[in-house]
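See below for the structure under consideration.
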Amino acid sequence: MLTISALKEELTSPKHILITTHFNPDGDALGSSLGLYLWLQSKGHQVTVVVPSEFPDFLSWMPAQEHILVYPKDPQTADSLIAKADFLFCLDFNHLSRINAMENAVRNAPGKKIMIDHHLAPEGFEDLAHWDSHAAATAQLVYDFIVNRMDDRQHISPEIAACLYTGIMTDTGSFRFRSTTAEVHLIVADLITLGAPNSKIHEKVYNSATEVRLRFLGYCLLNCLVVVPEYNTAYFLIRKEDVNRFDIMPGDTEGLVNYALSISGMRLAALFIDRSELIKISLRSIDEIPANEICSKYFNGGGHLNAAGGSSTASMEEVERSFRSILPLYKDYLIE
Ligand code: 5GP
Ligand code: MN
Numbered sequence: 422m423l424t425i426s427a428l429k430e431e432l433t434s435p436k437h438i439l440i441t442t443h444f445n446p447d448g449d450a451l452g453s454s455l456g457l458y459l460w461l462q463s464k465g466h467q468v469t470v471v472v473p474s475e476f477p478d479f480l481s482w483m484p485a486q487e488h489i490l491v492y493p494k495d496p497q498t499a500d501s502l503i504a505k506a507d508f509l510f511c512l513d514f515n516h517l518s519r520i521n522a523m524e525n526a527v528r529n530a531p532g533k534k535i536m537i538d539h540h541l542a543p544e545g546f547e548d549l550a551h552w553d554s555h556a557a558a559t560a561q562l563v564y565d566f567i568v569n570r571m572d573d574r575q576h577i578s579p580e581i582a583a584c585l586y587t588g589i590m591t592d593t594g595s596f597r598f599r600s601t602t603a604e605v606h607l608i609v610a611d612l613i614t615l616g617a618p619n620s621k622i623h624e625k626v627y628n629s630a631t632e633v634r635l636r637f638l639g640y641c642l643l644n645c646l647v648v649v650p651e652y653n654t655a656y657f658l659i660r661k662e663d664v665n666r667f668d669i670m671p672g673d674t675e676g677l678v679n680y681a682l683s684i685s686g687m688r689l690a691a692l693f694i695d696r697s698e699l700i701k702i703s704l705r706s707i708d709e710i711p712a713n714e715i716c717s718k719y720f721n722g723g724g725h726l727n728a729a730g731g732s733s734t735a736s737m738e739e740v741e742r743s744f745r746s747i748l749p750l751y752k753d754y755l756i757e
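Using our numbering, the first residue of the sequence shown is number 422, and each one after it goes up by one.
Quick look at the structure:
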């Protein structure tokens, strides 16, 4: 095991450090990883961020993203960095299955593993956890780690602040989800004080659609949306031919599921998209409706109470049928 104070002591001399985050990295995954990367680098450590898959274009402006190593592009180099790291920071996930092809290399790495995360039910692979399922974002926990555990607020540069701001902004849906507490606003205010260019970040993340992505959104709203009024549920079914027609990449469906939840009265929203080898599922809910339980019980996944995901190898028709058959089981939650 490792304690925070032992880690703080260890980090007073240069170390080899690896940072990784979950498959299909989102704004919080990259924001927390790059924020921590820049801070560790400023302390004189040899640091590399290795991600298990490509990240979406709307994050390609982020400070230091050009130094990220995408695992499948050079697994040999990544494996040797993983093997020689003194410390491996695992950010925004708590099950090693979330880093796909990197799982075994990280699991077997001799270095100490530090998990910083806010998802439920950690697997327990780490030597040290900085974990809080009530945190709005992993970037919030990285802020807490640097400021309160490492006592080093003074070395948060404007670039680090920008990375952490991006993580909190994207994981709170721009500060509107229930996880957005007064404390979150205080942290965000401090990040702006430290130089995060807040309105520029909003513009870069939210005004970055391509024409084809916007037309795809219009297409989905018109053709792929199914509403089940009796269960206050709405969902999108995006089939293989739709994905091919618009040449849709993983990041292009980011946020789409929220449109289903934006219909007045809807309490549960889903997105089913055919990703060839499997159907990927995104679930969003309000109040106490357990999106994570639905995903873990029926769709081989998990996540947060109100935002969860999973996958299935069944056909789209079967996935839709099973989703609709689940709704009556949750009628006490879905019908107020
Ligand atoms: P999204 O719908 O944006 O892909 O994912 C929302 C949340 O659900 C993520 O932050 C993550 O916590 C969780 N999640 C998404 N996909 C999976 C999955 O396949 N397995 C697990 N365990 N969690 C997932
Ligand atoms: Mn997160």
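No residue lacks a Cβ here, since even glycine has one placed at the ideal position from N, Cα and C. As the structure is a prediction and not an experimental result, all values here were calculated from the model.
Taking 8 Å as the cut-off, the beta carbon of THR559 is found no closer than this to the beta carbon of ASP447. Under the three-state reduction of DSSP output, LEU699 falls in the coil class, being neither helix nor strand. Here LEU699 has SER732 and THR734 as same chain residues with Cβ atoms under 6 Å from its own Cβ, once five neighbours each way along the sequence are excluded.
ILE489 and LEU750 have their alpha carbons spaced roughly 44 Å apart.
A distance below 8 Å between beta-carbons, with the five flanking residues on each side excluded, links TRP552 to the following residues of its chain, in chain order: ASN515, MET536, ILE537, ASP538, HIS539, PRO543 and LEU562. For LYS534, the pairing in a beta bridge is given by DSSP as LEU509. DSSP places ALA728 inside the beta strand (DSSP E), whose first and last residues are 728 to 733. With respect to the C-alpha of LEU439, the residue from LYS429, GLU431, LEU461 and THR433 having the closest C-alpha is LEU461. Nearest to GLY452 by alpha-carbon distance, out of LEU643, MET483 and TYR719, is MET483. When DSSP states are grouped into helix, strand and coil, HIS466 belongs to the coil group. Contact between ILE622 and THR593 does not hold, since their C-beta atoms are separated by about 13 Å, which reaches or exceeds 8 Å.
Taken in chain order, the complete beta strand (DSSP E) segments of 3 or more residues contained in the region 610 to 676 are 646 to 649 and 654 to 659. Here MET737 is near ARG660, since their CB atoms are less than 8 Å apart.
Within the DSSP secondary-structure output, PHE693 pairs in a beta bridge with LEU658 and ILE702.
Assigned with DSSP and collapsed to three states, ILE440 falls in strand. A direct Cα-Cα distance of roughly 30 Å separates LEU517 from ASP668.
Here the alpha carbons of ALA729 and LEU704 stand approximately 5 Å from one another. Remark: the shortest separation between the CB of SER732 and any heavy atom of ligand 1 falls under 7 Å.
Beta-bridge pairing by DSSP links ALA550 to MET536. Within the DSSP secondary-structure output, GLY723 pairs in a beta bridge with GLY730.
Set against 7 Å, the gap from the CB of ALA728 to the closest heavy atom of ligand 1 is smaller.
Counted as a single uninterrupted DSSP element, the stretch harbouring LEU423 is not any alpha helix (DSSP H), since DSSP gives it neither H nor E. In terms of side-chain proximity, the C-beta atom of ASP592 is found nearer than 7 Å to a non-hydrogen atom of ligand 2. With a threshold of 7 Å, the Cβ atom of GLY724 counts as near ligand 1, since some heavy atom of the ligand is closer than that. Contact check for TYR492 against VAL472 passes: the beta carbons are separated by less than 8 Å. Relative to the non-hydrogen atoms of ligand 2, the Cβ of ASP449 comes within a distance shorter than 7 Å of at least one. Look at ALA558: its beta carbon is less than 7 Å from one of the heavy atoms in ligand 2. When the beta-carbon positions are compared, TYR754 and GLU709 come within less than 8 Å of each other. With at least 16 other beta carbons inside 10 angstroms of its own, HIS443 counts as buried. In the three-state scheme derived from DSSP, where H, G and I count as helix and E and B as strand, LEU490 is classed as strand. In the DSSP assignment, GLU524 falls within the alpha helix (DSSP H) that extends over 524 to 528.
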